[in-house]
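S.K.:
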Ligand code: NOJ
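In my numbering, the protein residues as written are 41 to 610.
Written out as C-alpha cells, the structure reads:
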C-alpha cells in the first residue's frame, strides 16, 4: 500500500470495482447480499485485479431506495452486518492491496433519520432548518381563507422518481423538499450545523480506514437560494408519463449552483486532513452535467491544482450510441476540456444504468460488443470503474412486472426500473447462481443464463469475458503506457479500397509513456475492417478481445474482425 512520492496515487493508477452489496453474495440466508459475502469474495476480486471497491450504501436504512435513504450515517444496516464486520472487510481488503470507497449520501437522509423526525415534529424544532421546509405557494382563493384544493407546492420542481419534489406535512402545514422519494427529504446544507454534522460523518469513516467516498448526487446539495421555478425543457420527449414533471424541466435552479463549489471544497479539506503517504483519500462525485459544467467540479486552487473532487464521475459515454465516431468525439472533447492537473475517469455502467452489454449491444452481438467496450474502458487514459458482473458480460435482466421493486419503476413505469441491472451476481451453476442458498428466494430474480454465464464457468474457459477482464487488468497494471500514458486519437483509413477512405467504424488511439507505445484499435461494426494506420509500419498484437491471437502485424493492412478490439505494441 505504498506509492513512490513522485508516482501516481492509487486512485489514478488503479481500477475501481462497484459492488452493489444487496446483490453480491448472501451469507445469512435471506436472499440479500451482505458484507460477510463481500469478504468471502475478496480473493476473487484480487484475482480479477481491481484496486478499489466502491460499496453502494451499507448504512441503516428503511431501504425505500435500497439504502440511498440513510437513517444513521455512522453504522451498518443489520441486513448487511455490523461495524465489526465492516472493520474486518477494510482490514481484509487492505491486506490484499484493495482500497474501500463508501457511498456518501449527502443530499438527503431517510425520513426515518432522527434529525428529520425531529425536524418534522414542529415548526419550532431545533432541527427544523436542517431540511428545506416552505409554506405552500399561495393559490387562487387563498384570500378567502385558502383551502386544501388550492394548496400548491412552493415551486414547480419535479422529483426524479415522478411527481412533485415537495410533500406536504399536514401536522405542521408546510412542504418539505425531496428530489427523489418523499422518504428522502433533502438536507439544508446552507445551515452551518448541517454541514458540520455531515463533515463529521466523513471523519467517522476516515478514522475507520476508509480510502475514499463516492458522493451521491453531489451537484444537487445546494439549490437556488430563492427556490425559483425551473423553466420548461423545450426538447422534452412529448411521450413522457404525465407524472414525470422532472423530465419536462431544465434543472436550472434545483442544482449545480455556483455556491456548491465552496461546499465541495470544504468536503475536500476534510478528506485532505486524512491524507498521508500510502493512505491517500479519494473524493469521487456523482455528477451528471454537461462537459463545461462538469469539469468545474475538479476545482481550481490558486496553486494550479484541484481543490474539489479528485474524480467527478465521467458518465459521458453512457448515453452514446455504440458508434466509433461518437465515442471518439466524447473522449477527445473531454481530454481537451481537462485542466492539466485533472485526472480523467470513465464509467460505462452502474446500478442506475442499463447494463452495458444490452445498452450498447442491443440486437447486435451484445457479448462481442461488451468485450470491445471492456477494452475501451480499460485502455483509455484515466481511472476506470467496473460495475459488478460486467466482467461476466451480465446483461440487463427482464424483471416480471409483479417483481419490480425499484421506486421509479413502480411510480413511473417499468421502463424506468433499475432492477434489471441489479440482479444477483452470477457465481456458479447451482440453484440461485451461488448468490444465496437454494432454499431462499433472492431479492431479485436471477436470469436463466447464469447456467452458462457465471464466474466459475468463465474462470475455466480461457476465452471467456472474465479472462478478458483479467488480462486487460493485468496488462494495464504492467504497462505504464496504458495506466499513465498520454492519449491521442488517430485518423485511420480503410486499406481495402483502391481509393482509401477515412474509416469511421473504428476508434483508434495511441497511448504513450517514456517511449513505450501502445496502439488500441476498436472495431465498432459487425463486419471485418482492414485499416491502414498512417505513419506506423509494424507492431505486435499483445491482446485481442477475442483472446485468440498474439502476433506480429503490418499496420498498413491491419485486419479487425467484427467487433474486435486489439492492443498493439509498437
Ligand atoms: C443516485 C444514486 O446512484 C441512485 O441509485 C439513487 O436512487 C439516487 N442518487 C438517490 O440517492
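All residues carry an ideal CB built from backbone N, CA and C; glycine is no exception.
If I'm right that residue 220 touches residue 105 with Cβ under 8 Å, what's the distance once you round it to whole angstroms?
M.R.: So it is a contact: roughly 6 Å between Cβ atoms.
S.K.: To the nearest angstrom, how far is it from the Cα of residue 186 to the Cα of residue 208?
M.R.: The predicted position of residue 186 is uncertain, since its pLDDT is 49 and thus under 50; a value taken from the coordinates is nonetheless stated next. So the alpha carbons of these two residues sit roughly 15 Å apart.
S.K.: Quick check on residue 489: does DSSP put it in helix, strand or coil?
M.R.: Residue state, collapsed to three classes: helix.
S.K.: Is residue 391 a contact residue of the ligand NOJ, with contact defined as CB to any heavy atom under 7 Å?
M.R.: True, at least one ligand heavy atom lies under 7 Å from that Cβ.
S.K.: In chain order, what residues of the same chain have a beta carbon less than 8 Å from the beta carbon of residue 380, not counting five sequence neighbours either side?
M.R.: So the list reads 344, once near-sequence residues are dropped.
S.K.: Check residue 140 in the structure and name its three-state DSSP category.
M.R.: Residue 140: strand per DSSP, three-state reduction.
S.K.: Would you call the stretch 298 to 307 in contact with the stretch 256 to 272, where contact means no fewer than 3 C-beta pairs closer than 8 Å?
M.R.: A contact exists between the stretch 298 to 307 and the stretch 256 to 272.
S.K.: Are there three or more Cβ pairs, one per stretch, closer than 8 Å when the stretch 447 to 466 is compared with the stretch 488 to 495?
M.R.: The answer is yes - the stretch 488 to 495 touches the stretch 447 to 466, with three or more Cβ pairs under 8 Å.
S.K.: For residue 538 and residue 576, I'd like the C-alpha separation in whole angstroms.
M.R.: Distance between the alpha carbons of residue 538 and residue 576 is about 19 Å.
S.K.: Is the closest heavy atom of the ligand PLP to the C-beta of residue 220 under 7 Å?
M.R.: In the structure shown, the ligand PLP is absent; the only ligands present are the ligand NOJ.
S.K.: Using 10 angstroms around the beta-carbon of residue 568, count the other beta-carbons present and answer buried if the total reaches 16, otherwise exposed.
M.R.: Flag for residue 568 reads exposed.
S.K.: Below 8 Å, can you find three or more Cβ-Cβ pairs linking the stretch 317 to 335 to the stretch 351 to 361?
M.R.: The stretch 317 to 335 is in contact with the stretch 351 to 361.
S.K.: Pairing CB atoms from the stretch 169 to 180 with CB atoms from the stretch 251 to 260, are three or more of them under 8 Å?
M.R.: Verdict: no, contact absent.
S.K.: State the DSSP-derived secondary structure class of residue 598, mapped to helix, strand or coil.
M.R.: Three-state DSSP puts residue 598 in a strand.
S.K.: Under 8 Å between the Cβ atoms of residue 560 and residue 415?
M.R.: Closer than 8 Å, so yes.
S.K.: Could you name each continuous alpha helix (DSSP H) segment of 4 residues or more that falls completely within the stretch 359 to 442, going from the start of the chain to the end?
M.R.: As far as the stretch 359 to 442 is concerned, its whole alpha helix (DSSP H) runs of at least 4 residues are 364 to 377, 396 to 401 and 406 to 419.
S.K.: Drop a sphere of 10 angstroms on the beta-carbon of residue 58, count the other beta-carbons inside from all chains shown, and report buried for 16 or more, exposed for fewer.
M.R.: Its Cβ being crowded by 16 or more others within 10 Å, residue 58 is buried.
S.K.: Can you list the beta strand (DSSP E) stretches of 3 or more residues lying completely in the stretch 76 to 118, in chain order?
M.R.: 92 to 95, all fully within the stretch 76 to 118.
S.K.: Would the stretch 77 to 91 count as touching the stretch 508 to 518 if we require 3 or more Cβ pairs under 8 Å?
M.R.: Judged by Cβ distances under 8 Å, the stretch 77 to 91 makes contact with the stretch 508 to 518, as three or more pairs qualify.
S.K.: Since residue 352 sits in a beta bridge, which residues does DSSP pair it with?
M.R.: According to DSSP, which records beta bridges pairwise, residue 352 is partnered with 325.
S.K.: Report back the beta-carbon spacing between residue 522 and residue 551 to the nearest angstrom; my notes put them in contact at under 8 Å.
M.R.: Between residue 551 and residue 522 the Cβ distance is about 6 Å, and since that is below 8 Å, they are a contact.
S.K.: Is residue 326 near the ligand NOJ, in the sense that its beta carbon is under 7 Å from a heavy atom of that ligand?
M.R.: Flag set: Cβ of residue 326 near the ligand NOJ.
S.K.: Measure the beta-carbon distance from residue 199 to residue 286 and round it to whole angstroms, keeping in mind my assumption that it falls under 8 Å.
M.R.: Contact holds; Cβ gap of about 6 Å.
S.K.: Any heavy atom of the ligand NOJ closer than 7 Å to the CB of residue 105?
M.R.: Correct: residue 105 has its Cβ closer than 7 Å to the ligand NOJ.
S.K.: Can you tell me the Cβ-Cβ gap for residue 149 and residue 76, rounded? I've got them flagged as a contact below 8 Å.
M.R.: At roughly 26 Å, the Cβ-Cβ gap does not stay under 8 Å, so residue 149 and residue 76 are not in contact.
S.K.: Specify the secondary structure class of residue 52 as computed by DSSP and reduced to three states.
M.R.: Note: residue 52 maps to helix in three-state DSSP.
S.K.: Using the Cβ count rule (16 or more neighbours within 10 Å means buried), how would you classify residue 501?
M.R.: Result: exposed.
S.K.: Which residue wins for smallest C-alpha separation from residue 312, given the options 251, 65 and 62?
M.R.: Selected option, being the one with the closest Cα: 251.
S.K.: Between residue 608 and the rest of its own chain, which residues show a CB-CB distance below 6 Å, the 5 nearest in sequence each way excluded?
M.R.: Cβ neighbours of residue 608 beyond the five flanking positions: 559, 579 and 581.
S.K.: Under 7 Å from any heavy atom of the ligand NOJ, does the C-beta of residue 387 make it?
M.R.: For the ligand NOJ, not one heavy atom lies less than 7 Å from the Cβ of residue 387.
S.K.: Quick check on the burial criterion: 16 or more other C-beta atoms within 10 angstroms. Buried or exposed for residue 133?
M.R.: Result: buried.
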